Each structure stands twice: as C-alpha cells, then as structure tokens.
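With the UniProt record's numbering applied, the sequence shown covers 1 to 494.
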Amino acid sequence: MKSRMLPPLVLTVWIVGLSCAVALAQCPISAPRLTTNPNFDVVVTRVAPVLSFKNATGGQGKRVYEIQLARDKAFAVGRLDYTLPENPEGVSALAISEQKPLADGTRWYWRVRATDEKGAHGPWAVSRFSVDTASDKAFMDLTRAVPVSVKVSSGSDPKNLIDYTDQGLSTQWRAAPPGPDRAWVELDLGRRRTISRIWMLADSGSRDGWPVAFRWLASPDGVAWKEVVKVTDGDTYRFILDVDGVSARFWRLEISDWTGYAPGINELLLYSPGHPPVPSPPSGPYVLVIGNQHNGATFTELAARVHEMVPELATVTVPYYEASMALYEALAKKPVAILLSGNNADYNDLPMFEYNGEFEIIRAAPVPILGICAGHQMLSFASGYTRVRSMGHSDISAMEKPDRYAEIRTLVDDPLFKGLPQPFTAPEVHGWAVYDLPPGFEVVAESTYIQAVRGRDGRLYGTQFHPEIKVSYNQAENVLRRFLRDALSRSQPR
C-alpha cells in the first residue's frame, strides 16, 4: 500500500501599499474558477459547447480572458485560442462556434487566465472534458442494482456510499489512515445480479482521497472472488466502468493507491442490463410525473399540487432513471401531460447517462410537457450538455427574506402567463440556469437570466421558478394550473 500525499496549502500574503479590501486594483490577479460547466471530466454532448467559469479577481482595471483548448496536457496538439471580455455578473462564458466545432469522440484540455488593463497575467486554471454526442441519445438500457448492505475495511459512515437520498452527494466514506492492508468496500446485493456498469464518485471539489489504483472483484458467496476490472492510473473523481455482464451477489472494491492520507468515496452505483417495470396507470385522466431527485423523488410535493389544482387529474410518478420512450409507449393508458420535477444535486456529480430516457421523452412524447426548475433545464440538456450552467451563486427565496423574491417579467404573450403582474414574483430554489437556448425554443419570461421557455410547437414549456410551491408571494401558481387545465382539455374527445 502507498499513498500520494497532496502538496501543503501555501498561503501567500500580498502587501501592496494599501490592503486589497481598500485598493482592489492593486491586488494580484487570481485564477478563474472552473467549477461551473463543463467541470473536470464531464462528458459534453455538443461539438459546439459553452465553456463557463467564475471570474478572476484582482488586477488593475477591466479584465479579459485568454482561453486555450488542445488535445494534450502541454497544449501543443491542435491548440485553439480565444479572447473573451469579462461578464461583470460574475460568470463569464465562451460559446464555441457552430462553424468551427470541436471534434467528436475526443478529449479536450482547456485553460483560462485573466489579463488586466496593464497587461499583467493571472495564473492559468486548467481542466478537461470529453466530447461524445452519441452518449445521450438513447435510454441506458440499465436498471439500478441497489445494495442491501455495505462493509468497509476501516473508517466511518460506510452508509454514505449507498445513500442515494443524499441529494447533494456531498457526504462520503473515508478510510482510516493507512495500515498494512489496502482499503476495501464490500457490497451485498441481496441476491445474484448481472452487473454491466459501475459508477464511482469521489469528491469533485478536492483531489484529496481520489482513488488512483484499484480493482473490482465479484463473488457468488463472499468467499471466492474473481477480478472483474482493474484501474492502475486513475486521475479523476468519477469513473464509469463498463464490465462484461458478470453475475454475482457480492461486489468488492479494493483500493491500493490514492491521493492524500486515505481514500474517500462519495457514492457507488451498480447497474444491471434491462428495463424497469411499467407502472399501471389509473382509469381516469392522469399526469406522468418524472422525479428528478437523485433517489427518483420530486423536489417538492408536485403530485399533491396537481390534485389540489385540478382534482380530476391523478398522477403516476416514475424516477428519472427509469423514464424512457419505451416505458411511455408501454403504458396501457397514456397521460394527458408530463411534469418534470426539480432536484437539488449538482450535475457535475451526477451520472448524467441516467437522464437519457428523460431526454428521449422530451424529444418525442406527443403530449404537453412542463419542466420545473431542473425539469426546465432538462429541456435544454436534451439538445446538449453545457446549455445549462452553474450561476456561481444560488437564488433561494423565502418568506422571511422578501428581498430574495424573484422579480420576473414576461416577454411575449402566452396563455399560461395571462394576467400576471409585471413584474411578478415566484419562489426560486436553484443554483443553475439555462444559458444557451436550444433550437426551436423561445424565452417567455426572464429576470437577470432565463426564467421560462416554450417550444415553438406549443408542446414544451419550462419554468426556472416554482409555480407549485404554496407561499404567499407566489403569483405564478396559475402557470401550472393553466398548463394542467389546458392539457386536460386537449385530451378530451371533440
């Protein structure tokens, strides 16, 4: 066993006449923060992605950014150079031109640094991503194989490895400081299951604890083990490991090398090939609700609000990772509409391939669809990752904080927004927003960013705000009520 210790944090204090708080223009230039989208090692599903980052600080006068992309770490192979003025709202973004797209099926390294008006440069911030436009086109043909128990070699909180209700994916299991044995995790699936994919997540915010060398083993009885997959040079916090359909009840992760003092893992997910069971719809009209929380639930009481607003409508809720056009087509009775719920996890930490079936439904289901919060963002994700990005801050409205209410203005006449005051207020709970509108959509309402969209065919709607939340300042409840009433009316025989 060995460990790779991280270099110590060195804090440099700069004294340049007055303090930075008083004379910000004299502060050294910081590196931009590449934590928005695309984050490190995400799979980008567009050949013309948007690259966004949190602005640098310091320097003198206005800042501009030098951005480079290349196929290698040294930024020598196929390098592309761009210059970008700073967006004063805190997050700047470069949209790669559709006329000069990136090569599909490739890995790209990218870096950015700020330059001030005096020509001083800040340090580079470096990241990488992969382009794979085919990876989000179809349902994954996999179902989650949820363990019934977990054991670990040492450390505390092993339950965090299989706690899929941890929406932020922020908790982890951390092994105790290294002893004579390698660190290991053992999962019991409760019965023999065929596994064809393994998802591993470590801490995206720190390299401390990332697994570097590890292997997975499988066993029918927890005694005799067979090696299934081996990694010797890992340098990332996420792993998608496809295996050749191995059938076993017990699965064991053995980690022999890592960064930092001890390995840490936030989540493990195993997948079996196949499709989930098809739910039985009610006899009367109903709405299909897709739960976008990481555990498949809805972020708010969405189903209950449907019943309150339109009592004639029932609901059927399915997890996003089970939704697909195959499931939709197999429903014995089709819904009158589909609602896509919010979530409160960070897309950078999610296995985004689980949303492929929801993307299929957005593209092809013939009934009205309304996406709320994350569901609104899914309408854009369905035509390419990076159309949605982190805002660099969170907008969370609350009754006791009236200054945080969203003030939203409608831009076009739309029946769902008829009669709303200008501007209107609505509750918000989010840190991501649609940045790059997909083809075939238009903006219906905005605040300082896109708040509502509709597809030009009238089938798709999205709201970043929450029309379903019951609070006194929510002036947008009728947006959801009218959507449901209109969908029910469309479904009635004429």
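Backbone N, C-alpha and C define an ideal beta-carbon position, used for all residues, glycine too.
Computed from a predicted structure; not experimentally measured.
Starting from the Cα of residue i, find the closest Cα among the options and give me that residue.
| i | options | result |
| --- | --- | --- |
| N39 | I338, V148, Y237 and P177 | Y237 |
| T165 | Q172, Q293 and N87 | Q293 |
| M140 | A426, M200, T315 and F353 | F353 |
| A176 | Y65, I255, F250 and A337 | I255 |
| E267 | G392, W173 and G155 | W173 |
| T83 | S156, L94 and A76 | L94 |
| G328 | V310, H376, H275 and M378 | A small correction: the amino acid at residue 328 is Tyr; Gly does not occupy that position in the sequence shown. Nearest of V310, H376, H275 and M378 to Y328, Cα basis: H275. |
| H430 | L350, M200 and H376 | H376 |
| Y109 | V91, E86, F75 and D116 | F75 |
| D221 | W184, F250 and T463 | F250 |
| M378 | G392, I338 and S394 | I338 |
| G90 | R459, H393, T171 and Q464 | H393 |
| Y65 | D72, V50, V44 and S92 | S92 |
| I408 | T463, Y355, G458 and K151 | T463 |
| A330 | N160, M309, E117 and S280 | S280 |
| L350 | A304, N295, A314 and S130 | N295 |
| P493 | V336, K470 and P439 | V336 |
| P439 | K418, G419, L420 and S380 | S380 |
| D188 | S247, S130, R107 and K418 | S247 |
| A120 | A70, P311, R79 and T57 | T57 |
How about residue i and residue j: do their beta carbons lie closer than 9 Å?
| i | j | result |
| --- | --- | --- |
| N55 | A114 | yes |
| E428 | I450 | no |
| P88 | G59 | no |
| K333 | V367 | no |
| R144 | Y321 | yes |
| L484 | V306 | yes |
| D157 | F214 | no |
| residue 538 | V453 | Residue numbering for the chain in the displayed model covers 1 to 494; residue 538 lies beyond these limits and cannot be assessed. |
| S196 | P277 | no |
| A262 | G105 | no |
| R252 | A202 | no |
| R128 | D41 | yes |
| R33 | A125 | yes |
| F441 | G455 | yes |
| residue 539 | T425 | Given a span of 1 to 494 for the chain in the structure shown, any question on residue 539 remains unanswerable. |
| S313 | L460 | Correcting the residue identity first, residue 313 is Leu in this sequence and not Ser. No; because the gap between Cβ atoms is not below 9 Å, this pair is not in contact. |
| T35 | G205 | yes |
| V150 | K159 | yes |
| D136 | Y355 | yes |
Suppose the cutoff is 7 Å on Cβ atoms and the five residues either side in sequence are ignored; what does the same chain contact list for residue i look like?
| i | result |
| --- | --- |
| E400 | A caution first: E400 carries a pLDDT of 44, below 50, which makes its placement in the model too unreliable to give a value. |
| I198 | W216, L241, V243 and L270 |
| A364 | M325 |
| A382 | F359, I362 and R363 |
| A323 | I290, G357, E358 and I361 |
| E227 | R215 and L217 |
| L161 | V150, W173, V185, I265, E267 and L268 |
| P123 | A31 and R113 |
| E86 | N55, K62, R63, V64, Y65 and S92 |
| D72 | Y109 |
Got a sec? Which residues, its chain only, sit under 6 Å from residue i by beta carbon, not counting five neighbours each side?
| i | result |
| --- | --- |
| G190 | V148 |
| E477 | P467 |
| residue 495 | Summary: the structure shown does not reach residue 495, with the chain confined to residues 1 through 494, and so no result is reported for it. |
| A25 | No answer about A25 holds up, because its pLDDT of 47 lies below 50 and its placement is not dependable. |
| R481 | M309 |
How would you label residue i, buried or exposed, when you count the other beta carbons within 10 angstroms and need 16 or more for buried?
| i | result |
| --- | --- |
| S97 | exposed |
| R111 | buried |
| G209 | buried |
| residue 496 | Here the chain covers residues 1 to 494 and nothing more, so residue 496 does not appear. |
| H212 | The residue asked about is misnamed: residue 212 is Val in this sequence, not His. The residue is buried, with at least 16 neighbouring Cβ atoms inside 10 Å. |
| T259 | buried |
| T448 | exposed |
| R46 | buried |
| V479 | buried |
| D457 | exposed |
| D116 | buried |
| S52 | buried |
| R4 | Summary for R4: the model assigns pLDDT 49, below 50, so the residue's position carries little reliability; its value from the coordinates is reported in the next sentence. With fewer than 16 Cβ atoms within 10 Å of its Cβ, R4 is classed as exposed. |
| V223 | exposed |
| V77 | exposed |
| A134 | exposed |
| A303 | buried |
So, for residue i: in the same chain, excluding its five sequence neighbours on each side, which residues have a beta-carbon less than 8 Å away from its beta-carbon?
| i | result |
| --- | --- |
| V50 | N37, A93, L94, A95, I96, T386, R387, R389, Y435 and D436 |
For the structure I just gave you, are there three or more beta carbon pairs, one from the region 432–442 and one from the region 385–397, closer than 8 Å?
yes
Sufficient close CB pairs (3 or more, under 8 Å) joining the region 287–304 to the region 336–346
yes
Answer yes if the region 410–420 comes into contact with the region 371–380, meaning at least three C-beta pairs across the two stretches below 8 Å, and no otherwise.
no
Just checking, does the region 277–295 make contact with the region 222–232 on the three C-beta pairs under 8 Å criterion?
no
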